[in-house]
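Residue numbers (our numbering), protein chains in the order written: chain A, 1 to 240; chain B, 241 to 526. Each residue gets a CB set at the ideal place from its N, CA and C atoms; glycine is no exception.
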């Protein structure tokens with residue numbers, strides 16, 4: 001693993017990503033939606049529309065960055081064969097993957113910050129909110145890396161990222177009150193994005209503390225580890 | 241010490257043998273041609289030699305590094321020009337090179353040096369997607385030269401280029417060879433190999449069928465005869481005769497004809513590299 005090389009890859013991709021119209025649209029979308037919805041909403045409503053908008057935007061933005069941007073960047077390298085050129089340089093496949101993950105995290109956290117600044121700013125417990133966003137972003141970037149390792153074309157990424165994002169965002173909606181009936185909530189609580197949305201929702205409330213969200217964060221961390229292991233396996237299988 | 245050395249190199253894909261026990265060595269500063277039709281195993285061999293692919297068995301060393309076990313160290317000594325022009329289209333020529341220069345740890349000034357070397361300095365600010373085919377190929381060659389490679393691998397460097405662009409690339413390869421860089425060139429254009437390479441190896445269905453200088457191969461497998469066009473006699477029509485280079489009687493006949501000013505043209509029946517390949521491999525190059 002080479003820090004200089006990883007940073008070079010990340011720097012190149014951060015600039016190149018926004019020259020890709022699809023990626024730029026994917027990054028702007030959650031911010032635009034959130035801004036539009038919050039302009040329409042009444043102010044001062046703790047559990048009303050603005051909180052729902054904030055929570056879903058803070059889940060959607062990392063989802064876009066992780067589940068669309070990251071695999072698109074990885075798969076483009078394969079499609080355009082630039083991956084070959086990188087792999088005959090001192091950069092390793094691991095360097096490349098970590099570089100792409102850094103870009104995913106960069107855009108996730110940048111969008112999260114932008115969303116918080118554009119909307120109500122920090123209410124509730126900032127540490128809990130940030131932990132929820134960071135751990136959730138890490139999980140979603142790992143999902144993106146797994147997709148990038150498995151898929152070979154941008155068409156596959158475009159098709160599957162929509163499906164996977166839906167599968168991840170719908171459970172997140174069920175983290176908002178009112179809670180769904182028991183069978184549905186039991187299943188949705190297993191999905192890491194539901195936990196992410198729950199942690200952010202609690203974090204944005206005035207009663208938030210770390211103990212309230214410890215299980216959510218634990219599930220997120222465990223899910224990240226599991227997906228990371230899958231990423232390592234997929235990369236190992238793809239190498240040579 | 242040879243710059244490239246393989247010993248019984250073998251590689252299979254799902255039971256299909258792509259490279260079947262090939263052994264050869266390339267000396268420092270040599271321009272070495274690796275010829276064969278599509279599917280012969282040329283690209284697979286290059287991928288093994290550049291550390292992108294593990295061999296199924298056998299060994300390969302480039303610049304004294306084992307291609308399988310020391311691939312990461314090997315990469316700082318080699319440059320690779322791929323068959324596809326794999327550039328970042330949304331980036332300029334300079335940005336493409338600057339990125340790879342940063343991967344190699346090269347200083348920024350190296351970018352301008354290689355751009356000048358391939359005559360692209362005045363187009364460095366243009367995006368790669370607007371470059372012509374020839375310019376793209378020059379850019380990928382520039383990229384391969386960033387790290388002052390000891391060995392340069394060129395995989396079909398003139399494929400798909402127009403004659404002018406192909407000529408520019410061949411001149412570049414000649415200049416690189418003269419500068420002392422070891423060049424490993426794959427191509428299925430025999431004339432190109434004949435012009436550029438000091439030695440050539442023929443690959444067919446994963447097997448090495450010949451390895452020698454182009455001249456030796458042509459002499460060894462050509463017809464030892466010459467076609468002579470003689471001035472016409474009373475009828476006025478020129479006549480063509482075939483004379484053996486080994487028959488004293490034919491040599492005297494040619495000598496007499498020349499003394500009498502009867503000879504219009506003399507052509508040796510030298511084989512082309514393609515003829516040699518067909519003879520040895522039992523098939524053509526396409």
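query: Hey, how far is the Cα of residue 18 of chain A from the Cα of residue 24 of chain A?; result: 5 Å
query: Along chain D, which residues have their Cβ under 7 Å away from the Cβ of residue 24 of chain A?; result: Judged by its chain identifiers, the structure shown contains no chain D, and its protein chains are A and B.
query: Check whether the Cβ of residue 4 of chain A lies closer than 9 Å to any Cβ atom in chain B.; result: yes
query: Checking contacts by CB at 9 Å: is residue 28 of chain A closer than that to chain B?; result: no
query: Does the count of Cβ pairs from the segment 485 to 500 of chain B and the segment 453 to 469 of chain B closer than 8 Å reach three?; result: yes
query: Can you find a C-beta in chain A that's less than 9 Å from the C-beta of residue 282 of chain B?; result: no
query: Going by alpha carbons, who is nearest to residue 127 of chain A out of A:53, A:78, A:181 and A:209?; result: A:209
query: Kindly indicate if chain A contains any beta-carbon less than 9 Å away from that of residue 310 of chain B.; result: no
query: Quick one: which chain A residues come within Cβ less than 7 Å of residue 320 of chain B?; result: 88
query: Looking at C-alpha atoms only, which residue of B:372, B:370, B:344 and B:337 is the closest neighbour of residue 356 of chain B?; result: B:337
query: Three or more C-beta pairs under 8 Å: does that hold for the segment 469 to 478 of chain B against the segment 306 to 324 of chain B?; result: no
query: Can you check whether the C-beta of residue 328 of chain B is within less than 9 Å of a C-beta belonging to chain A?; result: yes
query: Shorter than 9 Å from the beta carbon of residue 424 of chain B to some beta carbon of chain A?; result: no
query: Below 8 Å on the Cβ atoms is my guess for residue 35 of chain A versus residue 118 of chain A; work out the distance and round it to an integer in Å.; result: 6 Å
query: Does residue 188 of chain A come out as helix, strand or coil in the three-state DSSP assignment?; result: helix
query: Sorted by chain position, which residues of the same chain lie with C-beta nearer than 6 Å to residue 257 of chain B's C-beta, five sequence neighbours on each side aside?; result: 446
query: Select from B:433, B:296, B:389 and B:520 the residue whose C-alpha is nearest the C-alpha of residue 260 of chain B.; result: B:296
query: Pull up the DSSP beta-bridge partners for residue 444 of chain B, would you.; result: B:447
query: Using a Cβ cut-off of 8 Å, which residues of the segment 145 to 157 of chain A contact any Cβ in chain B, in chain order?; result: none
query: If the criterion is Cβ atoms closer than 9 Å, does the pair residue 527 of chain B and residue 391 of chain B meet it?; result: Outside the displayed span of chain B (241 to 526) sits residue 527 of chain B, for which this structure offers no information.
query: At a Cβ cut of 8 Å, what residues of the segment 336 to 366 of chain B count as close to chain A, listed as they run along the chain?; result: 339, 340, 342, 343, 344 and 345
query: Could you tell me the alpha carbon to alpha carbon distance between residue 323 of chain B and residue 401 of chain B, rounded to whole angstroms?; result: 12 Å
query: Determine the direct distance from the alpha carbon of residue 358 of chain B to that of residue 379 of chain B, and round the result to whole angstroms.; result: 7 Å
query: Name the chain A residues whose beta carbon is nearer than 8 Å to that of residue 383 of chain B?; result: 85
query: Among A:197, A:103, A:180 and A:178, whose alpha-carbon lies nearest the alpha-carbon of residue 169 of chain A?; result: A:197
query: In or out: residue 26 of chain A buried (at least 16 other Cβ within 10 Å) or exposed?; result: buried
query: Less than 9 Å between CB atoms is the rule here; does residue 48 of chain A satisfy it with respect to chain B?; result: Confidence is the limiting factor: at residue 48 of chain A the pLDDT is only 43, short of 50, which leaves the residue's position unreliable, though a coordinate-based value still follows. Chain B contact via Cβ: absent.
query: Count the other C-beta atoms from every protein chain shown that fall within 10 angstroms of the C-beta of residue 140 of chain A, then say buried if there are 16 or more, exposed otherwise.; result: buried
query: Going along the chain, which residues of its own chain have a beta-carbon closer than 7 Å to the beta-carbon of residue 364 of chain B, five neighbours each way excluded?; result: 332, 333, 334 and 355
query: From residue 515 of chain B to residue 422 of chain B, what distance separates their C-alpha atoms?; result: 27 Å
query: Please compile the residues from chain B whose C-beta is within a distance smaller than 7 Å of the C-beta of residue 91 of chain A.; result: 343
query: Counting only Cβ pairs nearer than 8 Å, list the residues of chain A close to residue 471 of chain B.; result: Chain A residues near residue 471 of chain B: none, gap ~59 Å exceeds 8 Å.
query: Which residues, in order along the segment 59 to 83 of chain A, keep a beta-carbon less than 7 Å from a beta-carbon of chain B?; result: 80, 81 and 82
query: Please report the distance separating the alpha-carbon of residue 454 of chain B from that of residue 106 of chain A.; result: 56 Å
query: With 9 Å as the threshold, decide whether the Cβ of residue 316 of chain B is near any Cβ in chain A.; result: yes
query: When the Cα atoms are used, what is the spatial distance from residue 220 of chain A to residue 193 of chain A?; result: 8 Å
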